[in-house]
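Numbering that gives the first Met the number 0 numbers the first residue of the sequence shown as 0 and each following residue consecutively.
Quick reminder that beta carbons are idealized off the backbone N, C-alpha and C, glycines included.
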Amino acid sequence: MPQEEATARFDEAIAVIRKAWTSKGRFSYDGTWWHYDNIVVEPAPIQQPHPPLWLGAGSAESIRRAAREGYNLLLDQIAPIDVIVERVRVFREECESVGRAYDR
């Protein structure tokens, strides 16, 4: 897959997953890369509107994106503590700037 398509493909795949989890019964999807016609995904998720989604992020922009788009933040386990603290600060501040509650 060309690198320049990766983010758009990922975003569309997440859109399909969210639609699958939130549709009542059958649904169709016609996107740039994904096409589904009259499908159903079972069982429906217990968590509403759907299970939480996590996004691995390390750069300030990817961390802000996770906050803006409603993802939980998944950080690496090898960065120094001060780097982790800074990344959490960026996430928390972006959550606040978009009106999203920050949940530790």
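* Asked: The beta strand (DSSP E) spanning Trp53 covers which residue range?
  -> Trp53 to Gly55
* Asked: Nearest to Ala78 by alpha carbon, out of Val97, Ser58 and Glu95?
  -> Ranking the options by Cα distance to Ala78, first place goes to Ser58.
* Please name the residue in Glu85, Leu52 and Arg99 whose C-alpha comes closest to that of Ile13. => Among Glu85, Leu52 and Arg99, the Cα nearest to that of Ile13 is on Leu52.
* Asked: Hey, Ala43 and Ala56 are a contact pair by Cβ (cut 8 angstroms); roughly how many whole angstroms apart?
  -> Incorrect: roughly 29 angstroms between the Cβ atoms, too far for contact.
* Asked: For Asn37 versus Ser22, is the C-beta spacing smaller than 8 angstroms?
  -> Contact flag unset, no.
* To do: Use the C-beta contact count for Tyr70: other C-beta atoms within 10 angstroms, 16 or more gives buried, fewer gives exposed.
  => buried
* To do: Return the first residue and the last residue of the beta strand (DSSP E) that Ser22 is part of.
  => Careful: Ser22 lies outside any beta strand (DSSP E) and carries neither H nor E.
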